[in-house]
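K.L.:
Quick note on this note's numbering: the sequence shown kicks off at 32 and runs consecutively. From the three backbone atoms N, C-alpha and C, an ideal C-beta is built for every residue, glycine too. Here the structure is a predicted model, which is why all the values come from computation and not from measurement. This is the structure I want to talk about, given as structure tokens.
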Amino acid sequence: MLVSVCTATYNRRAFWPFLIQCFQHQDYVGDVEWIIVDDGESVEDLVKDIPQVKYIRLDKKVPLGKKRNLMHEHCSGDIIVYMDDDDYYPPTRISHAVTSLQSSDCLCAGSSVIHVYYAHLHKILEFGPYGDNHATAGTFAFKKELLTETSYEDMASLAEEKHFLKGFTIPMIQLDPTQVILVVAHPHNTFDKKTMIKQGKETDMMVADWIEDPVLYQFFKYDIQCLPPKREEFSIRIGNAVMKEEEIIQTLNQQHQYILYLSKQVKDINTE
32 MLVSVCTATY NRRAFWPFLI QCFQHQDYVG DVEWIIVDDG ESVEDLVKDI
82 PQVKYIRLDK KVPLGKKRNL MHEHCSGDII VYMDDDDYYP PTRISHAVTS
132 LQSSDCLCAG SSVIHVYYAH LHKILEFGPY GDNHATAGTF AFKKELLTET
182 SYEDMASLAE EKHFLKGFTI PMIQLDPTQV ILVVAHPHNT FDKKTMIKQG
232 KETDMMVADW IEDPVLYQFF KYDIQCLPPK REEFSIRIGN AVMKEEEIIQ
282 TLNQQHQYIL YLSKQVKDIN TE
């Protein structure tokens, strides 16, 4: 059975050598393709020699919901499995999801329980469960036929799961969270996971219980916290409209070109 692994990425180049290792360490023995949609700093050179990869490069930044919908359009597999670009995925990520879906009538699988490693606390906290049909997108796996029933809101940039799961009403098989993902709180998180700490339950788990590979262990326990700070995008509000960074730069470039044009016109007039 062909499985489509899907990753939406934006400006996470430093994470990619370790995500590639997670992908290459998977114990699933069937056929796999890896769909990557990238609208940030390109990682094409890092994945170009991986035969399973289908790399889709976008020329401009788009909302996460639209990227996820675009990923699905390129999937050929019977089962789709998500692997986000900044978390640790154990070798069982694909195989556990496939086995669980094959043994169930449910179209969707995921984990409402997640474990998050907080380096400053030196602890792994457990969050959830939040409901039988609840899961976070980084844990999603589903049969492709689910896409005939649902999709993401194109403009969604955060908490996109609720719409995709129709208010968490789509029947879901819950996966064993220890076979799915270890989330790592780090300075580059899209959502600051430190705000979640009070909701978590302390565990006796250690990073070494999850990650055996020494290179991956070093990165996810230590090095990930030392990456250069992310560059924040900027925007300006004009009345009720908000101009994003890309639009601002494009407008300034157009104005600059127009000023150069006018300067040339004035120069030509003065030389006549």
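Who are the Cβ neighbours of residue 188 in its own chain at under 6 Å, not counting the five residues just before and after it?
P.N.:
Cβ within range, chain order: 94, 95.
K.L.:
May I have the straight-line CA-CA distance separating residue 164 from residue 203, to the nearest angstrom?
P.N.:
Computed Cα separation, rounded: 5 Å.
K.L.:
Closest to residue 186 by C-alpha separation, out of 195, 150, 179, would be which residue?
P.N.:
Ranking the options by Cα distance to residue 186, first place goes to 195.
K.L.:
What does DSSP give as the partner residue(s) for residue 155 in the beta ladder?
P.N.:
Answer is 148, bridged to residue 155.
K.L.:
So what's residue 205 in DSSP terms, helix, strand or just coil?
P.N.:
Three-state DSSP puts residue 205 in a strand.
K.L.:
Give the range of the alpha helix (DSSP H) segment to which residue 184 is assigned.
P.N.:
Element bounds for residue 184: n/a, residue is neither H nor E.
K.L.:
Alpha carbons only, please: which of 51, 44, 32, 43 is nearest the one belonging to residue 246?
P.N.:
Looking at the Cα atoms, 51 is the closest of the given residues.
K.L.:
Look up residue 119 in the DSSP assignment and give the residues it is bridged to.
P.N.:
Answer by DSSP bridge pairing, in chain order: 213.
K.L.:
Do residue 139 and residue 37 have their C-beta atoms closer together than 8 Å?
P.N.:
Taking 8 Å as the Cβ cut-off, residue 139 and residue 37 do not qualify as a contacting pair.
K.L.:
Judging by CA-CA distance, which residue of 45, 82, 92, 40 is the nearest neighbour of residue 67?
P.N.:
Here the closest residue by C-alpha is 40.
K.L.:
Please classify residue 57 as buried or exposed, where buried requires at least 16 neighbouring CB atoms within 10 angstroms.
P.N.:
By the neighbour-count rule (16 or more Cβ atoms within 10 Å), residue 57 is buried.
K.L.:
Just the Cα atoms here: how many angstroms apart are residue 124 and residue 55?
P.N.:
In a straight line, the C-alpha of residue 124 is about 11 Å away from that of residue 55.
K.L.:
In the DSSP assignment, find the unbroken beta strand (DSSP E) run with residue 37 in it and report its ends.
P.N.:
Per DSSP, residue 37 belongs to the beta strand (DSSP E) from 34-40.
K.L.:
Give every residue of the same chain whose Cβ lies closer than 8 Å to the Cβ of residue 127, excluding the five residues on either side of it in the sequence, and list them in chain order.
P.N.:
Taken in chain order, the residues that qualify are 206, 207, 210, 211.
K.L.:
Tell me which residue opens and which closes the beta strand (DSSP E) that residue 173 is part of.
P.N.:
172-174 is the span of the beta strand (DSSP E), which, as asked, contains residue 173.
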